[in-house]
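Novice: Just so you know, we're using the numbering used here here: the sequence shown kicks off at 610 and counts up by one.
Even for Gly, the Cβ is constructed at its ideal location relative to N, Cα and C.
Bear in mind the structure is a predicted one, so any value in this text is a computation, not a measurement.
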Amino acid sequence: MSMQQSQTMVVTGTGSVTGKPDLVTIQLGITTHAEQLADAQAENTKRSQSVVSRLSTLGVQENDIQTSSYTVSPQYDYIDGQQRFRDYEVHHQLRVTSRTVSNIGEIIDAAVLSGATEVSSIQFGIEQITDLYEHALSKAVENAKAHAQALALAAEVVLNHVPVTIQESLQSDAGPFAVQMGKMAASPRIEPGTLEIGATVTVTYSYR
Numbered sequence: 610m611s612m613q614q615s616q617t618m619v620v621t622g623t624g625s626v627t628g629k630p631d632l633v634t635i636q637l638g639i640t641t642h643a644e645q646l647a648d649a650q651a652e653n654t655k656r657s658q659s660v661v662s663r664l665s666t667l668g669v670q671e672n673d674i675q676t677s678s679y680t681v682s683p684q685y686d687y688i689d690g691q692q693r694f695r696d697y698e699v700h701h702q703l704r705v706t707s708r709t710v711s712n713i714g715e716i717i718d719a720a721v722l723s724g725a726t727e728v729s730s731i732q733f734g735i736e737q738i739t740d741l742y743e744h745a746l747s748k749a750v751e752n753a754k755a756h757a758q759a760l761a762l763a764a765e766v767v768l769n770h771v772p773v774t775i776q777e778s779l780q781s782d783a784g785p786f787a788v789q790m791g792k793m794a795a796s797p798r799i800e801p802g803t804l805e806i807g808a809t810v811t812v813t814y815s816y817r
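1. Tell me which same chain residues have a C-beta within less than 7 Å of the C-beta of Ser611, skipping the five on either side of it?
2. Output needed for Val626: all residues of its chain with C-beta closer than 6 Å, excluding positions within five of it in sequence on either side, in chain order.
3. Sort Tyr697, Gln732 and Thr809 by Cα distance to Gln645 and report the nearest one.
4. Determine the contact status of Asn752 and Ser815, defining contact as a CB-CB distance below 7 Å.
5. According to DSSP, is Ser588 helix, strand or coil?
6. Got a sec? Which residues, its chain only, sit under 6 Å from Arg817 by beta carbon, not counting five neighbours each side?
7. Please list, in chain order, all residues of the same chain as Ile674 whose beta carbon is under 7 Å from its beta carbon, the five residues on each side excluded.
8. What does the alpha-carbon distance come out to for the pair Thr726 and Thr803?
9. Do you know whose CA, among Glu652, Ile639 and Thr813, lies nearest Leu760's CA?
10. Using the C-alpha atoms, what's the distance from Glu715 back to Thr652?
11. Keeping to the same chain, check which residues put their C-beta closer than 7 Å to that of Pro630; ignore five residues upstream and five downstream.
12. Can you tell me which residues form a DSSP beta bridge with Tyr581?
This is how it looks when you write it as structure tokens:
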């Protein structure tokens with residue numbers, strides 16, 4: 610909070626609500642190696658198709674499985690200061706969205722058994738988040754108003770309760786968390802819990 614000019618004050622308000630996730634996004638990687646590029650690509654295609662096919666049997670829709678990156682790079686060894694070609698590496702990154710949060714562990718397990726070599730992140734979300742965010746935004750405005758009233762009372766001035774300006778800050782999403790492939794001896798138990806949806810506003814009030 611800060612005082613701005615002689616007749617206005619600027620306050621910041623925050624608000625938050627919680628919601629239960631109803632979708633989850635997973636980043637899967639399929640990496641293959643071969644001395645011949647065509648062989649590395651063919652093996653990668655085979656594994657990728659196997660992963661997609663297996664996930665479809667678990668209810669993941671085809672349009673919810675998208676390629677996020679596809680890279681091909683030669684790999685080299687350095688022996689006695691000399692660079693020697695080893696093989697080609699093909700890496701296919703898939704972005705998978707499931708609207709059945711409860712079976713996330715089964716999806717990961719199935720993907721790994723079908724050929725995925727990496728699970729880089731898992732991110733839970735709420736598909737219809739607008740109403741929750743607007744509720745948090747309303748709380749943020751009320752919070753800013755309470756700050757302004759407290760300032761006006763302390764300064765013994767009369768607050769104009771109609772804001773001069775209200776500026777909304779950008780909404781932040783819940784961040785992903787990493788899953789270590791080496792620890793997946795069985796289907797991982799992953800609890801989505803609840804997500805916090807936050808809002809922040811900057812409000813300018815006038816006073817006399």
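Specialist: Working from what's here:
1. A caution first: Ser611 carries a pLDDT of 46, below 50, which makes its placement in the model unreliable, though a value can still be read off. Within its own chain, the residues whose Cβ lies closer than 7 Å to the Cβ of Ser611, once the five positions on either side in sequence are excluded, are Val619, listed in chain order.
2. Leu741, His744, Ala745 and Ile806
3. Tyr697
4. no
5. Outside the displayed range of the chain (610 to 817) lies residue 588, so it cannot be described from this structure.
6. Val767
7. Val661, Leu664, Leu703 and Val705
8. In a straight line, the C-alpha of Thr726 is about 29 Å away from that of Thr803.
9. Thr813
10. A small correction: the amino acid at residue 652 is Glu; Thr does not occupy that position in the sequence shown. Between the C-alpha atoms of Glu652 and Glu715 there is a straight-line separation of about 24 Å.
11. Val710, Phe733, Gly734, Ile735, Pro801 and Leu804
12. Outside the displayed range of the chain (610 to 817) lies residue 581, so it cannot be described from this structure.
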